[in-house]
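Asks:
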Amino acid sequence: MTSVRPKLKPETPKAVTAWETATGQTVWMAADGSWTKEVGQIAAFTGDEAEARLADALKQEGVVTDPYFMEVTESGGITGRETLRETIRANGPTVAYGESA
Amino acid sequence: MYRYDEFDARIVSERVAQFRGQVNRRLSGELLEDEFKPLRLQNGVYLQLHAYMLRVAIPYGQLNGRQLRRLAVIARDYDRGYGHFTTRQNIQFNWVALKDIPDVLESLAEVEMHAIQTSGNCIRNTTSDHFAGAAKDEIMDPRPWCEIIRQWSTFHPEFAFLPRKFKIAVTGAEHDRAAIRVHDIGLHMRQRGDVVGFEVHVGGGQGRTPHLAALVNEFVPETELLDYLEAIMRVYNRFGRRDNKYKARIKILVSEIGAEEFRRLVSEEYAAQREHEKIALPPEEIARIHAYFAPPELTPASGPDAAFEALKAEDKEFARWARINLHPHKVEGHASVTISLKPVGGAAGDATDAQMMTVAHLAETYAHDDIRVSHAQNLVLPHVALKDLPAIYRELKAAGIATANESLITDMIVCPGLDYCNLANARSIPVGQAVQEVFADPDYQEDIGRLHINISGCINACGHHHVGHIGILGVDRKGEEFYQITLGGRADEKAAIGDIAGPGLKADDVPGALKRVVDTYRDLRTDKSELFIETLARLGHDPFKEALYAAD
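Going down the list, the protein sequences come from chains F and H.
Position 30, counted from 1, in the first sequence is what the UniProt record's numbering calls 30; the numbers after and before it change by one each time, with no gaps.
Position 50, counted from 1, in the second sequence is what the UniProt record's numbering calls 50; the numbers after and before it change by one each time, with no gaps.
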């Protein structure tokens, strides 16, 4: 299963993102197909390659949960309509919390 | 308060063991997320924006010190040092790793707590008046009935897969502090002669189609309550829609077939049930549960307390806190204390592990080991002697939880919004903080008086925006956050759904717009005793809408 997010055109650069199953932390697919928690490592894919990468992610059920496409720039920067949501997924809440609040 | 018997303890610990196995199978990939999701939800585990969230049940919002300490330890050891108290009088942990959740649940079970039925399409935590058993205006204590409903509804095999989630609230005071008219079932305790019974309201709720509950029965005697509830649940289970998630709540059923027909169906089911399989709760069982909720032994004070009065005279801040955050108690010389979790600039309902420890200590030392969570996301010490208030205040102040704003404009209900929630369209917390800033002056807030602002980050309305005197709903427009304002909602015995005032506002424009609305109220009220919601009802919404959209 994938999260229901806005549809992206085949040519739109996109990353594969998901939640790490054991911790729930946000992960993205790096260029080599491994999972990363580093925003700088986000890989951009397009067309058939993107579809193949997502299909690959969907097979890794114990490792990641609910993979889906998110829009990125060609260099992997978060962009598009869901920029705020994806930035919060990447960086955490926009407000202070816990002791630092 | 209620204590687990051997059966309670066993089923909770067996459930933890079962879930541990399910988590292990999920982590190994043996269970797919689609298979695991209904199992985790039945145990209170959500997958939010950037982590799992664990929602722990606090039955009718009542806790003791030992339980709150345990929540603090979990916040410290498994989360990021804080928890979030919710409008269902529960607590949520935002950052717990799935692999750790079985250990957290085991730790909760040791203090008679769990996360069962805090999610999923089942009967959720029954909520109640946070001043239950203490409030001067209370007629009967609703907690024993909440407990009876909890025992009946927990693991009830017939109601484990309802069309949609189901929420019940019970109040025993004339003034409704439990928002019963916006619940699937709202019960108002009544007395006829010697018989205790319940006025039954059905089909209220918020979300994308808000409804106020319809009065379905004016008086169901207490011995028949469970039979009557069961009849309602059966009618809902049979006729509630399962084809469309957005039309599956009982409010839609009641609204589509009409209250009259719904009442007829329930009566028919009830009559059949009474004949063949009635529960007919025995009076001794009712008495047994009531014994757990015996009031603490409090000695009525013969006159004002000297130390309390002296500190009020000498410390203006303390006097203000005592004026605003105390609620009249049944016993002379006592009060219920609201511990506000709404400091200006904070996140509504959040408490750090250290703050939870402080409240647990205060409850054990001064307040008969009784703590409540209010549906407005605050904590309450229901039974406190006035003479102990100076000491309590000093500790609360040192812990940063002595904000004097109970039911004032900065005491807002705010959902976690897009900062945490996977369903949200817009952020709630920063908007709430910005609104708090413009009303932060304590004299200004107190002059405004009781005014409830409620904020939701999406149409699911977890922040109860429909019933805020002023409601704020976050929406997404092509990637930009906008906020729709509603006016005139209320959650009490005069419950009403707010009206949308007009087009949505940009986040930056919300605080100024609300200030204009509130200042218009201050100009137009007859005097300070007329609340915002009353002025709004007297004059209509037009002057306030005009103020809302006036240019700065």
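All residues carry an ideal CB built from backbone N, CA and C; glycine is no exception.
For H:Val235, collect the residues of the same chain with a Cβ closer than 6 Å to its Cβ; drop the 5 residues on either side in sequence, then sort them by chain order.
Replies: The residues are Leu265, Val266, Glu269.
Asks: Run through chain F and tell me which residues come within less than 9 Å of H:Leu408, C-beta to C-beta.
Replies: Result: empty, since nearest Cβ-Cβ is about 20 Å, beyond 9 Å.
Asks: When the cut-off is 8 Å and only beta carbons count, does F:Pro10 lie next to chain H?
Replies: Not closer than 8 Å to any Cβ of chain H, the Cβ of F:Pro10 fails to qualify, so no.
Asks: Residue ranges of each alpha helix (DSSP H) run of no fewer than 4 residues wholly in the UniProt domain "Nitrite/sulphite reductase 4Fe-4S" (119-271) of chain H, ordered along the chain?
Replies: List check, alpha helix (DSSP H) in window: 143-153, 225-239, 250-257.
Asks: Any beta carbon of chain H sitting closer than 8 Å to that of F:Thr87?
Replies: False, the Cβ-Cβ gap to chain H never drops below 8 Å.
Asks: Between which residues of its own chain and F:Thr46 is the CB-CB distance below 8 Å, once the five residues before and five after are set aside?
Replies: If we look at F:Thr46 and ignore the five residues flanking it on each side, its Cβ neighbours are Pro10, Glu11, Thr12, Pro13, Lys14.
Asks: Based on the DSSP secondary-structure assignment, which residues constitute the bridge partners of H:Phe85?
Replies: Paired residue(s): H:Ile91.
Asks: Are there three or more Cβ pairs, one per stretch, closer than 8 Å when the segment 207-215 of chain H is compared with the segment 237-255 of chain H?
Replies: Contact holds: three or more Cβ-Cβ distances are below 8 Å.
Asks: Mind pulling the chain H residues with CB within less than 8 Å of F:Asp66?
Replies: Under the 8 Å cutoff, chain H gives Glu33, Leu47.
Asks: Applying the criterion that 16 or more other CB atoms from any shown protein chain within 10 Å of the CB defines a buried residue, is H:Lys342 buried or exposed?
Replies: Its Cβ being crowded by 16 or more others within 10 Å, H:Lys342 is buried.
Asks: By the three-class DSSP mapping on this structure, what secondary structure does H:Lys506 have?
Replies: Strand, per DSSP.
Asks: Using only the alpha-carbon positions, how far apart do H:Val414 and F:Asp48 sit?
Replies: Between H:Val414 and F:Asp48, the C-alpha separation is close to 43 Å.
Asks: In the DSSP output, what is H:Trp321 paired with across the bridge?
Replies: Its beta-bridge partners do not exist; DSSP assigns none.
Asks: Check whether the segment 329-337 of chain H touches the segment 35-42 of chain H, taking contact to mean three or more Cβ pairs, one atom from each stretch, closer than 8 Å.
Replies: Segments in contact, no.
Asks: Going by DSSP, what residues sit across from H:His334 in a beta bridge?
Replies: Answer is H:Ala385.
Asks: Please state the DSSP three-state secondary structure of F:Val27.
Replies: Residue state, collapsed to three classes: strand.
Asks: Short check: CB of H:Gly502 to CB of H:Tyr444, under 8 Å?
Replies: No; because the gap between Cβ atoms is not below 8 Å, this pair is not in contact.
Asks: Considering just the uninterrupted stretch of the beta strand (DSSP E) at H:Ser107, what are its terminal residues?
Replies: Counting along the chain, H:Ser107 falls outside any beta strand (DSSP E), though it belongs to the alpha helix (DSSP H) covering 101-110.
Asks: How long is the line joining the alpha carbons of residue 620 of chain H and H:Trp321, rounded to whole angstroms?
Replies: The question about residue 620 of chain H has no answer here: the residues shown for chain H are numbered 1 through 552.
Asks: Determine whether the Cβ of H:Pro430 lies closer than 8 Å to any Cβ atom of chain F.
Replies: Closer than 8 Å: yes.
Asks: Any C-beta of chain F sitting closer than 8 Å to the C-beta of H:Leu396?
Replies: No, H:Leu396 lies away from the interface with chain F (no Cβ there is under 8 Å from its Cβ).
Asks: Can you check whether the C-beta of F:Arg5 is within less than 8 Å of a C-beta belonging to chain H?
Replies: No, F:Arg5 does not count as interfacial toward chain H.
Asks: Whose CA, out of H:Gly65, H:Arg25, H:Ala507, H:Asn24, lies closest to the CA of H:Leu379?
Replies: Checking every option, the nearest Cα to that of H:Leu379 belongs to H:Gly65.
Asks: Can you name the start and end residues of the beta strand (DSSP E) that H:Leu47 belongs to?
Replies: Looking at the DSSP string, the run of the beta strand (DSSP E) that includes H:Leu47 is 45-47.
Asks: Whose C-alpha, out of H:Lys387, H:Ile392, H:Gly349, is nearest the C-alpha of H:Val359?
Replies: The shortest C-alpha separation from H:Val359 is found at H:Ile392.
Asks: Residues of chain H with CB closer than 7 Å to the CB of F:Thr17, please, in chain order.
Replies: Within chain H, no residue comes near F:Thr17; the closest Cβ sits about 11 Å away, beyond 7 Å.
Asks: Along the alpha helix (DSSP H) that carries H:Gly65, what are the first and last residues, could you check?
Replies: Per DSSP, H:Gly65 belongs to the alpha helix (DSSP H) from 65-78.
Asks: If H:Leu451 sits next to H:His464, beta carbons under 8 Å apart, how far is it from one beta carbon to the other, in whole angstroms?
Replies: About 14 Å; that fails the 8 Å criterion.
Asks: Using a beta-carbon distance below 8 Å, is F:Gln25 in contact with chain H?
Replies: Yes, contact with chain H.
Asks: Span of the alpha helix (DSSP H) holding H:Val435?
Replies: Per DSSP, H:Val435 belongs to the alpha helix (DSSP H) from 429-438.
Asks: For F:Met1, is the classification buried or exposed, using 16 other Cβ atoms within 10 angstroms of its Cβ as the cut-off for buried?
Replies: With a pLDDT of only 40 at F:Met1, under the threshold of 50, the placement of this residue in the model should not be trusted; the figure read from the coordinates follows. Exposed: under 16 other Cβ atoms inside 10 Å.
Asks: Using a Cβ-Cβ cut-off of less than 7 Å, list which residues of the segment 39-67 of chain F approach chain H; keep chain order.
Replies: The segment 39-67 of chain F vs chain H, Cβ under 7 Å: Glu61, Gly62, Thr65, Asp66.
Asks: Look at the alpha carbon of H:Thr486 and the alpha carbon of H:Lys494, and state the distance between them as a whole number of angstroms.
Replies: Rounded to the nearest angstrom, the two C-alpha atoms are 17 Å apart.
Asks: For H:Ala351 versus H:Gly83, is the C-beta spacing smaller than 8 Å?
Replies: Against a cut-off of 8 Å, the Cβ pair of H:Gly83 and H:Ala351 comes out as a contact.
Asks: What's the call for H:Phe7, buried or exposed, on a 16-neighbour Cβ count within 10 Å?
Replies: The residue in question, H:Phe7, is exposed, as its Cβ has fewer than 16 Cβ neighbours within 10 Å.
Asks: Show which residues of chain H have a CB atom less than 7 Å away from the CB atom of F:Gly92.
Replies: Result: His50.
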